[in-house]
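Encoded as structure tokens, the structure appears first; notes follow it.
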Amino acid sequence: MAQEAQYTEDNIRSLEWDEHIRLRPGMYIGKLGDGKSPDDGIYILLKEVLDNSIDEFVMGAGKTIEVKIQDGQVIVRDYGRGIPLGKVVDVVSKINTGAKYDSKAFKKSVGLNGVGAKAVNALSTEFTVQAYRDGKTKRAKFEYGKLTEDDAIQESSQRKGTKITFRPDLDIFHNYRFMIEYVEKMMWNYAYLNPGLTLYLNGEKFYSENGLKDLLKDNLDGNTLHDIIHLKGEDIEIALTHNERMQGEQYYSFVNGQHTTQGGTHQNALREGIVNVMRDFYNKNFDAADIRACVIAAISIKVIEPVFESQTKTKLGSLEMAPGEVHVRTFVGNFLKEHLDNYLHRNPQVAEIILKKIQRAERERKDLQGIRKLARERAKKASLHNKKLRDCRAHLNDAKSGKEDRRLETTLFITEGDSASGSITKSRDVNTQAVFSLKGKPLNSYGLSKKVVYENEEFNLLQAALNIEDGLDDLRYNNVVIATDADVDGMHIRLLLITFFLQFFPELVREGHLYILQTPLFRVRNKKETRYCFTPEEKNTAISELGPRPEITRFKGLGEISPDEFKYFIGEDIRLEPVMISKDYTSDDLLEFYMGKNTPKRQEFIIDNLRVEKNLEEELLN
5 MAQEAQYTED
15 NIRSLEWDEH
25 IRLRPGMYIG
35 KLGDGKSPDD
45 GIYILLKEVL
55 DNSIDEFVMG
65 AGKTIEVKIQ
75 DGQVIVRDYG
85 RGIPLGKVVD
95 VVSKINTGAK
105 YDSKAFKKSV
115 GLNGVGAKAV
125 NALSTEFTVQ
135 AYRDGKTKRA
145 KFEYGKLTED
155 DAIQESSQRK
165 GTKITFRPDL
175 DIFHNYRFMI
185 EYVEKMMWNY
195 AYLNPGLTLY
205 LNGEKFYSEN
215 GLKDLLKDNL
225 DGNTLHDIIH
235 LKGEDIEIAL
245 THNERMQGEQ
255 YYSFVNGQHT
265 TQGGTHQNAL
275 REGIVNVMRD
285 FYNKNFDAAD
295 IRACVIAAIS
305 IKVIEPVFES
315 QTKTKLGSLE
325 MAPGEVHVRT
335 FVGNFLKEHL
345 DNYLHRNPQV
355 AEIILKKIQR
365 AERERKDLQG
375 IRKLARERAK
385 KASLHNKKLR
395 DCRAHLNDAK
405 SGKEDRRLET
415 TLFITEGDSA
425 SGSITKSRDV
435 NTQAVFSLKG
445 KPLNSYGLSK
455 KVVYENEEFN
465 LLQAALNIED
475 GLDDLRYNNV
485 VIATDADVDG
495 MHIRLLLITF
505 FLQFFPELVR
515 EGHLYILQTP
525 LFRVRNKKET
535 RYCFTPEEKN
545 TAISELGPRP
555 EITRFKGLGE
565 ISPDEFKYFI
575 GEDIRLEPVM
585 ISKDYTSDDL
595 LEFYMGKNTP
605 KRQEFIIDNL
615 RVEKNLEEEL
625 LN
């Protein structure tokens with residue numbers, strides 16, 4: 005019989021503030037990650053520091069923020085009031101210390117009440133804070149959250165403000181790197197939400213004059229049916245238009261300057277409010293889906309003491325604009341009822357365009373009803389015996405499951421062929437990783453209507469597996485990963501799948517859910533060591549370091565990698581390449597260039613980008 009475990013005073017332990025953050029980082033910054041996803045922890049660290057600087061601007065102090073990122077180190081300098089010099093150490097190292105508990109000083113703050121900067125400090129190998137105030141300065145340096153240098157207050161000629169320097173801990177954020185595209189998007193969002201604020205990222209300027217109107221204009225994918233409707237009031241700003249080709253609806257939502265990527269009560273109120281105004285204005289009970297079809301909109305509200313559904317503040321949970329005051333739903337609804345309705349009355353041409361858009365969406369929906377019904381029945385039957393989908397236990401749209409909440413880890417691998425699917429299926433984490441197996445190359449969907457999604461069994465089952473027919477609100481997997489062979493056929497399949505998503509579900513790409521799986525091309529090993537190489541350069545380095553005459557294996561396809569090996573490539577050290585659309589291109593431009601007719605322009609591009617690779621393997625072995 006096993007000895008009963010003892011439970012005494014010795015079992016009771018109190019953790020220091022930094023120990024707790026380092027032991028449970030997910031409680032403070034969400035998922036960790038290596039920087040390949042926009043919601044990875046390193047961006048949350050940057051955001052927490054920036055939020056404090058933004059709060060200074062909101063309070064009328066400091067119109068410029070400078071950010072520098074180089075070799076994994078981040079520097080943020082603002083020109084606000086500066087941290088009171090006597091509290092420089094406390095505000096970055098004493099939990100629950102800050103000015104934001106008092107709504108008088110920071111009425112509608114962005115930053116976490118006394119937590120954000122401490123989390124950055126604890127999760128960094130180096131963290132330095134320096135405050136400039138009243139001609140004096142105070143500096144403190146930390147390592148892994150522990151104070152190592154505490155300089156005395158000195159005279160300074162520098163402009164008032166705060167400078168934070170940190171380097172995320174490699175032991176926590178394995179092999180991380182900042183993807184500048186994600187940081188640029190973050191900078192732009194701060195600029196849109198704070199007209200008059202100038203931000204610099206490595207010297208590049210980010211500035212907006214027209215707020216959310218600029219946001220929509222810069223993020224439009226294709227042409228709009230009418231000018232952007234821009235409505236502003238106290239504590240609320242809304243921009244709205246309709247996309248010419250978009251199938252669904254798209255929203256950007258913000259609370260106190262925080263980008264709520266998962267929406268929340270304010271976004272729900274916006275969607276409901278648009279429907280109510282349109283029904284009242286046209287005096288017809290249109291279907292809500294027809295009204296919201298092709299809508300692209302942005303909303304920003306300011307709430308006193310906002311309640312978010314997680315520490316990373318990606319979804320608003322607040323029901324009220326302030327404790328005991330008007331509901332968010334009522335506030336947004338009433339604002340739209342007055343201002344959007346007034347706009348439609350003053351602009352009858354726009355009102356007519358929107359009416360025709362609603363009527364067209366209604367016709368298209370009814371045309372698709374029959375085929376959609378059959379497709380759903382087919383998908384329902386398939387879900388019971390879906391040989392294409394090997395599902396996992398957790399899903400992104402599940403209810404929160406406490407401290408072991410792994411919804412953000414949920415991943416769907418889209419593979420081609422039985423051998424590749426078999427390797428991934430056998431080596432995956434059944435709790436968070438699912439596999440969808442394609443049968444050969446999917447259809448080229450460029451230029452086709454939404455009808456093909458329902459008529460093509462494979463596309464329909466993929467849509468059903470992701471649960472994205474009506475938008476991303478109930479997306480089942482946070483990461484959608486295309487896993488194909490690194491050969492010509494594999495590249496073609498990647499292109500066809502990306503075309504499918506850009507054509508019918510572009511929001512999946514825009515919101516940073518779509519990735520390409522990077523797997524090793526070579527295995528180089530001797531009797532003592534095995535190295536997996538993802539590029540010819542890595543292979544050549546391994547050959548030179550593991551010689552003489554190591555064993556070299558070229559993986560021609562995913563199916564050639566054994567499940568025992570494959571588990572290392574889809575585990576903690578998984579390499580994912582995000583699929584992103586540059587601000588400079590629309591998805592229409594990209595699809596037409598790569599998937600349209602074989603134009604001289606594309607032929608020139610292919611010729612200009614041809615590469616001849618020399619095989620250095622023999623040279624290195626000789």
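Okay, so the sequence shown: first residue is 5 according to the working numbering, each after it adds one. The beta carbon of each residue, even a glycine, is placed where N, CA and C say it ideally should be. Predicted model only: the values in this text are computed from it and were never measured.
| Asked | Found |
| --- | --- |
| Does the distance from the C-beta atom of G321 to that of A273 stay below 9 angstroms? | no |
| Where are the beta strand (DSSP E) runs, 3 residues long or more, that stay fully inside the region 524-584, in chain order? | 526-529, 534-537, 555-558, 579-582 |
| Counting only runs that start and end within the region 458-537, where is the alpha helix (DSSP H) found for 4 or more residues in a row? | 461-470, 492-508, 510-514 |
| I want to know whether the region 509-517 touches the region 541-552 - three or more CB-CB distances under 8 angstroms. | no |
| Identify whether S453 lies in helix, strand or coil by the three-state DSSP scheme. | coil |
| I295 lies in the alpha helix (DSSP H); which residues open and close that run? | 292-296 |
| What residues are listed by DSSP as bridge partners for Q373? | Answer is none; Q373 lacks a bridge partner. |
| Roughly how many whole angstroms lie between the Cα atoms of I472 and T132? | 44 angstroms |
| Distance, Cα to Cα, R394 vs G516? | 23 angstroms |
| Compare the beta carbon distance of Y204 and I69 with 9 angstroms and say whether it is the shorter of the two. | yes |
| Cα-Cα, which of K164, F170, F463, E420 is closest to L54? | F170 |
| Where DSSP assigns a beta bridge to Y204, which residues make up the other side? | E70, K209 |
| Please name the residue, chosen from L447, S431, N435, I232, that lies closest to D409 on a Cα-to-Cα basis. | N435 |
| Within 10 angstroms of its Cβ, does R397 collect 16 or more other Cβ (buried), or is it exposed? | exposed |
| With DSSP collapsed to three states, give me the class of V330. | coil |
| Would you check if there are 3 or more beta carbon pairs closer than 8 angstroms linking the region 180-188 to the region 154-170? | no |
| Mind the definition here: the region 483-498 touches the region 230-249 only if three or more C-beta pairs lie below 8 angstroms; say whether that holds. | no |
| Verify whether the separation of the beta carbon atoms of L521 and A487 is less than 9 angstroms. | yes |
| Take the Cβ of S161 as the centre, count every other Cβ of all protein chains shown within 10 Å, and call the residue buried at 16 or more, exposed below. | exposed |
| With C-beta atoms as the reference, is E420 less than 9 angstroms away from S449? | no |
| When the Cα atoms are used, what is the spatial distance from I362 to M282? | 10 angstroms |
| Span of the alpha helix (DSSP H) holding A156? | Here A156 belongs to no alpha helix (DSSP H), and DSSP marks it neither H nor E. |
| So, is E253 buried or exposed, given that buried needs 16 or more other C-beta atoms within 10 angstroms? | buried |
| Smallest Cα separation from V80: which of Y286, A65, G139, L49? | L49 |
| Pull up the CB-CB distance for L151 and F61, whole angstroms please, since I reckon it's below 8 angstroms. | In fact, because the Cβ distance is near 29 angstroms, the residues do not count as touching under 8 angstroms. |
| Spatial neighbours of Y286 within its chain, please: CB distance less than 7 angstroms, with the 5 preceding and 5 following residues excluded, ordered by chain position. | L359 |
| May I ask you to report which of helix, strand or coil DSSP gives G426? | helix |
| Note down the Cα distance separating I305 from G444, rounded to an integer number of angstroms. | 48 angstroms |
| Please classify I87 as buried or exposed, where buried requires at least 16 other C-beta atoms within 10 Å of its C-beta. | buried |
| Pop quiz: L580 and K40 are said to be a contact at Cβ under 8 angstroms. What is the actual Cβ separation, rounded to whole angstroms? | 5 angstroms |
| Tell me which same chain residues have a C-beta within less than 7 angstroms of the C-beta of E153, skipping the five on either side of it? | A144, K145 |
| According to the Cβ coordinates, are K91 and K122 closer than 9 angstroms? | no |
| Quick check on K361: does DSSP put it in helix, strand or coil? | helix |
| Please specify which runs of the alpha helix (DSSP H), each continuous and at least 4 residues long, are wholly inside the region 240-290, giving them in chain order. | 269-286 |
| From T415 to I278, what distance separates their C-alpha atoms? | 33 angstroms |
| For G66 and F258, I'd like the C-alpha separation in whole angstroms. | 22 angstroms |
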